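Quick note on the UniProt record's numbering: the sequence shown kicks off at 1 and runs consecutively. The C-beta atom is built at its ideal place from N, Cα and C for all residues, glycine as well. Computed from a prediction, not measured in an experiment: that's the story for all the values here.
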Amino acid sequence: MAANTHVLRPAVNAGYNEHRCIARDVLGLYGSIVTLGTYVSTHEAPPLIDVTYKALKHCIAQHAALTRTDDQNTPGSHVHFLADAFSDDHVKAAISLLEIAHNRPLFEYEQRPQWQLWIAPSVSGSSDQAAKHYQVAFASSHALAGGMSGVAFHKTFLQALHNLKELQYDEGIIFEPPGSVMLPPPQEVAGTLTISWTFLLGPLVREYCPSWLAQTLGVSQDLTDAGGAAHAWAGASSRPKVQAEGSRLIKTNVHVVSAPQDVLRRVLDTCRQHGARLTGLLNHLFARALASALQAKGQHFTRFIAETALDLRRCLPAGKNQMANYVSAVDEVINVGYDQHPAAEGLSAKDWKDISETSKKLAQASSTLADQSVALLKYLSNFREWTSRNAEEPAKAAFGMSNLGTFSAPAGSDPTWKVSNMIFSQSANGVGTPFDVNVASAENGDLMIVISWCPGMLGVDDERAFVETFCNDVVRHLELL
Numbered sequence: 001m002a003a004n005t006h007v008l009r010p011a012v013n014a015g016y017n018e019h020r021c022i023a024r025d026v027l028g029l030y031g032s033i034v035t036l037g038t039y040v041s042t043h044e045a046p047p048l049i050d051v052t053y054k055a056l057k058h059c060i061a062q063h064a065a066l067t068r069t070d071d072q073n074t075p076g077s078h079v080h081f082l083a084d085a086f087s088d089d090h091v092k093a094a095i096s097l098l099e100i101a102h103n104r105p106l107f108e109y110e111q112r113p114q115w116q117l118w119i120a121p122s123v124s125g126s127s128d129q130a131a132k133h134y135q136v137a138f139a140s141s142h143a144l145a146g147g148m149s150g151v152a153f154h155k156t157f158l159q160a161l162h163n164l165k166e167l168q169y170d171e172g173i174i175f176e177p178p179g180s181v182m183l184p185p186p187q188e189v190a191g192t193l194t195i196s197w198t199f200l201l202g203p204l205v206r207e208y209c210p211s212w213l214a215q216t217l218g219v220s221q222d223l224t225d226a227g228g229a230a231h232a233w234a235g236a237s238s239r240p241k242v243q244a245e246g247s248r249l250i251k252t253n254v255h256v257v258s259a260p261q262d263v264l265r266r267v268l269d270t271c272r273q274h275g276a277r278l279t280g281l282l283n284h285l286f287a288r289a290l291a292s293a294l295q296a297k298g299q300h301f302t303r304f305i306a307e308t309a310l311d312l313r314r315c316l317p318a319g320k321n322q323m324a325n326y327v328s329a330v331d332e333v334i335n336v337g338y339d340q341h342p343a344a345e346g347l348s349a350k351d352w353k354d355i356s357e358t359s360k361k362l363a364q365a366s367s368t369l370a371d372q373s374v375a376l377l378k379y380l381s382n383f384r385e386w387t388s389r390n391a392e393e394p395a396k397a398a399f400g401m402s403n404l405g406t407f408s409a410p411a412g413s414d415p416t417w418k419v420s421n422m423i424f425s426q427s428a429n430g431v432g433t434p435f436d437v438n439v440a441s442a443e444n445g446d447l448m449i450v451i452s453w454c455p456g457m458l459g460v461d462d463e464r465a466f467v468e469t470f471c472n473d474v475v476r477h478l479e480l481l
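Shown next as C-alpha cells:
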C-alpha cells in the first residue's frame, strides 16, 4: 500500500485562495461545497452500490485532489450509502440530502482528504419502472476545489459508469492511486494575476486606514456605506456566533426551487435577444424579489450588492477538466426602484439594459487575470487573524451568486447511465454574504436554484418562509418571460 500520498499540498505550498479557505474551515466558519446529481440507469446496469468503488477509483486516478493523505488508501471511509430511499420529488430529496452533507464535518486536514461522497436510492415517479434512480452528492472543502470541480468529478464518475467493463480496478475499498497524477498548481502559479495601482488602493485604504482618512481620500469603508441614506441591505446587523477551532461547524439551512426545462429554454432565448446572460438576469431578479420580501417585513431597502463568483479556468488552461480552486469574485451594486418590485409584471427596456450591462461586466471579469479580487490575498500576512476579524463584522453584500451552467455528459456516452438533474450548493459562510444563490442544471433538465444560509443571518423572523417568498417571486418572473 502506498504511503504518504497527499491530497492537499502542505500549508507552505498552498495557494493564497487555499490559505483563505483553510483558515475559514478550521475555524468552523464554512463546511463544504456540494454538487448533487440524479443518476438514472436502465435495467441492464448493475446497482450503483455494487460498482461505486470501482467507478470512484477511476475518479481518484484522474484527479489527484482525491488522493489519500494517510497510509491506508481506503476510499470506503469517504463514501456514505444511505439506506432509506428519498422522495421522487427532486426538490424535497435535494433539501434533505444537502442539509445532511453540509452539516456533516469533513475530516482532519492532517489525516484525510477533504471530500465525501453521499449516495442514496431515489423512488422513481416516472413511467419507466425498470429505471433505477440515485442521488449522488459529492461534497468537498472549498480549499480543495471550486464549484466547477464538482462538475469535473461527476463527468469522470459518469464516464467510469459508462466504461465499467474496461476499467482495471476491482470493487474493493482498498486502492493504491497512481503517483503520476499531479495536483494542478495554485492559480497564482498557473497564471499571472496582475493588480493595477487604482485597483489596489481602495482595499488597502479600507483595510488599514481609519474611516476618517478613507473618507478624506474619497474611499468609502465598504460598498454598503456608499450612497448615504440609501444604504445597502446586508442581512442581520451582527453575525451568529460560531465556536472556534472547529469544535462546532456553522449550521447550514437550504431551500431549493426549480424552473422547468421549457421555462429555462425560453429564458435563455429571451436573454440572448437582449444581449444578456442568465447570471446577470438572476442577480437583478433576486435583488428585486428581496426588496419586495423585505418591504413586506417593514424593511425598506432599494440597494443591494451582488457578489458573483467567477470561474477563471478560461484564463488558466491547467485547470481544464481538473479539480482545482481557480475562482475569484466581483461585486456589483444593484439599485431597485419600488416600481421594479416583482409585483410589477415584466421587465422594461431599462431593466434589460441594466441586466445586459451586468452580463457584460461578468463576462469581461471572467476573461482576464488582471485586477482580480483574489489576487489581493497575497498582501495578507495572517489569514487566520484576518478571517477571525471578518467573522466579527457584519456582512458587506446582500447575496452571493454562483452559476455552474449546464452539466452535459461526455461525448459518446452509454445510454445505460445518465444524469437527469444537477444541483449545486455551498455551505453557509461565516465570513461571507447573508445567503448564497447557487445555480445549476443538467442537459435537458430543470433549472435548479439552491439558497443556503446560516440561521439568524437574514435579520428577519421565520427565515425559511422569507426565503421561500423571494424565491417564488424569482421563479414567477422567469415563468413570465
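Opening and closing residue of the beta strand (DSSP E) in which residue i lies
i, result
"alanine 363", "Segment 349-365 is the alpha helix (DSSP H) holding alanine 363; no beta strand (DSSP E) there."
"isoleucine 449", "447-453"
"threonine 406", "399-407"
"glutamate 307", "303-311"
"methionine 422", "417-426"
"glutamate 332", "327-335"
"glutamine 116", "115-122"
"threonine 38", "33-41"
Buried versus exposed, by CB contacts within 10 Å (16 or more), residue i
i, result
"phenylalanine 304", "buried"
"leucine 369", "buried"
"arginine 389", "exposed"
"glutamine 426", "buried"
"proline 186", "buried"
"asparagine 382", "exposed"
"arginine 239", "buried"
"glutamine 364", "exposed"
"proline 113", "buried"
"serine 41", "buried"
"alanine 15", "For clarity, residue 15 is glycine in the given sequence; the question names alanine instead. By the neighbour-count rule (16 or more Cβ atoms within 10 Å), glycine 15 is buried."
"proline 184", "buried"
"proline 410", "exposed"
"serine 196", "exposed"
"glutamate 18", "buried"
"leucine 316", "buried"
Proximity below 8 Å, CB of residue i to CB of residue j
i, j, result
"leucine 377", "valine 242", "no"
"glutamine 448", "serine 258", "The residue you asked about is not glutamine; residue 448 is methionine in the sequence shown. In contact: methionine 448 and serine 258 (Cβ atoms closer than 8 Å)."
"alanine 287", "alanine 306", "yes"
"threonine 37", "leucine 404", "One detail in the question is off: residue 37 reads as glycine in this sequence, not threonine. In this structure, leucine 404 does not lie closer than 8 Å to glycine 37 by Cβ."
"leucine 264", "aspartate 473", "no"
"serine 149", "serine 32", "no"
"glutamate 99", "valine 254", "yes"
"glycine 235", "leucine 27", "no"
"methionine 323", "alanine 442", "no"
"alanine 318", "valine 181", "no"
"valine 51", "histidine 102", "no"
"glutamine 159", "alanine 93", "no"
"alanine 190", "cysteine 21", "no"
"glutamine 116", "alanine 152", "no"
"alanine 291", "phenylalanine 301", "yes"
"leucine 362", "glycine 456", "no"
Neighbourhood of residue i by C-beta, 7 Å cutoff - its chain only, sequence neighbours within 5 removed
i, result
"leucine 380", "Trp386"
"alanine 276", "Trp352, Ile355, Ser356 and Ser359"
"valine 460", "Lys297 and Phe466"
"isoleucine 334", "Asn283, His284, Ala287, Phe304 and Ala306"
Sequence-distant residues of its chain with Cβ nearer than 6 Å to residue i (five each side left out)
i, result
"glutamine 273", "none"
"leucine 193", "Leu369, Gln372 and Ala375"
"threonine 433", "Glu307, Ala395, Ala397, Phe399 and Gly400"
"leucine 249", "Gly28, Gly31 and Pro105"
"histidine 63", "Met323"
"valine 469", "Note that residue 469 is threonine in the sequence shown here, rather than valine. Contacts found: Ala293."
"valine 267", "Leu478 and Leu481"
"glycine 430", "Leu29, Val242, Ile250 and Ala391"
Unbroken alpha helix (DSSP H) run spanning residue i, endpoints
i, result
"serine 388", "383-391"
"lysine 54", "48-62"
"asparagine 283", "278-296"
"valine 189", "187-190"
"isoleucine 22", "16-26"
"aspartate 473", "463-480"
"glycine 147", "147-162"
Beta-carbon proximity list for residue i, same chain, < 8 Å, skipping 5 on both sides
i, result
"glycine 172", "Tyr53"
"isoleucine 95", "Val254, His255 and Val256"
"arginine 464", "Asn253 and His255"
Closer than 8 Å to chain D by CB, residue i
i, result
"valine 181", "The structure shown contains no chain D, having only a single protein chain."
| Does the segment 399-412 come within contact of the segment 438-445, defined as at least 3 CB pairs closer than 8 Å? | Touching, yes.
| Would you call the segment 346-360 and the segment 158-178 touching, i.e. three or more CB-CB distances under 8 Å? | Counting Cβ pairs under 8 Å, fewer than three are found: no touch.
| request: Taking 8 Å as the threshold, find out whether the segment 323-332 comes into contact with the segment 356-370 through three or more Cβ pairs. | output: Three or more Cβ pairs drawn from the segment 323-332 and the segment 356-370 lie within less than 8 Å of each other, which places the two stretches in contact.
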